[in-house]
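Enquirer:
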Amino acid sequence: MTTDPARRVEVYPGKEAVVDFDPALTFECVEECTWCCQHGVLLYEKDLLELASRASLSEATTQFRGQDFVRQEEKTRDDHVDEDGQACYFLRDDGLCALHAEHDWKPTRCSVFPLQVTVEDGEIHAGIRDEAHEHCEGLDVSERRVVDHLDAFLPELLWDLDDPETKRAL
0 MTTDPARRVE VYPGKEAVVD FDPALTFECV EECTWCCQHG VLLYEKDLLE LASRASLSEA
60 TTQFRGQDFV RQEEKTRDDH VDEDGQACYF LRDDGLCALH AEHDWKPTRC SVFPLQVTVE
120 DGEIHAGIRD EAHEHCEGLD VSERRVVDHL DAFLPELLWD LDDPETKRAL
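Under numbering that gives the first Met the number 0, think of the first position of the sequence shown as 0, with each following residue one higher.
1. Can you tell me whether DSSP reads Pro4 as helix, strand or coil?
2. Closest to Asp92 by C-alpha separation, out of Val18, Leu156, Glu31, would be which residue?
3. Please classify Glu122: does DSSP put it in a helix, a strand, or coil?
4. Under the three-state reduction of DSSP, which class applies to Leu149: helix, strand or coil?
5. Our contact map puts Pro106 next to Val40 with C-beta atoms below 8 Å; I'd like the distance itself, whole angstroms only.
6. My guess is that Arg70 and Tyr43 are in contact by the Cβ rule of under 8 Å, so how many angstroms apart are they, rounded?
7. Check for me: the beta strand (DSSP E) holding Ala23 runs from which residue to which?
8. Reducing DSSP to helix, strand and coil, say where Arg108 ends up.
9. First and last residue of the alpha helix (DSSP H) that includes Glu130?
10. Could you tell me whether the Cβ atoms of Gly84 and Glu101 are closer together than 9 Å?
In structure tokens, the structure reads:
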């Protein structure tokens, strides 16, 4: 991957993202964090099809304003829930994601964390969610520079969407 002074990064051949964060930023998921699991997970059509091969959609999903989301439910561990006591349907009691741990897969929106995607002048911009600096324990705890691994955070699907912005919540 290459970067230039404008901090454009070729994430996939012919598909660039504008990096709106410090290129020295590192990230690695840490055990027991689960902050990302406290947000509604929007499912793009491809994600919905993938999820259908791994779980019951009628049990695991809900619709909100015409969009499909992974359902949130009450969880027993207070350290894994949002202010309403809710977390992702797939968050297990041990703090791991059932989809990731058991199927080695996660929806696009889950891959994006702790980044957020915006679109400006037709270009995808990748920035760090404002709340991540306060809640995400995986920032700056490893040597894994986010800018060097953008393909792990920004699935290629994002460039094919009419609206890849991630500021949509359940």
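We put the beta carbon where it would ideally sit given N, CA and C, even for glycine.
From a predicted model like this one, the values you see are computed outputs, not experimental measurements.
Expert: Well, looking at it:
1. Reliability of the predicted coordinates at Pro4 is poor, the pLDDT of 48 falling under 50, and no value is obtained from them.
2. Glu31
3. strand
4. helix
5. 5 Å
6. Not a contact, Cβ separation roughly 16 Å.
7. Careful: Ala23 lies outside any beta strand (DSSP E) and carries neither H nor E.
8. helix
9. No alpha helix (DSSP H) holds Glu130; DSSP gives it neither H nor E.
10. no
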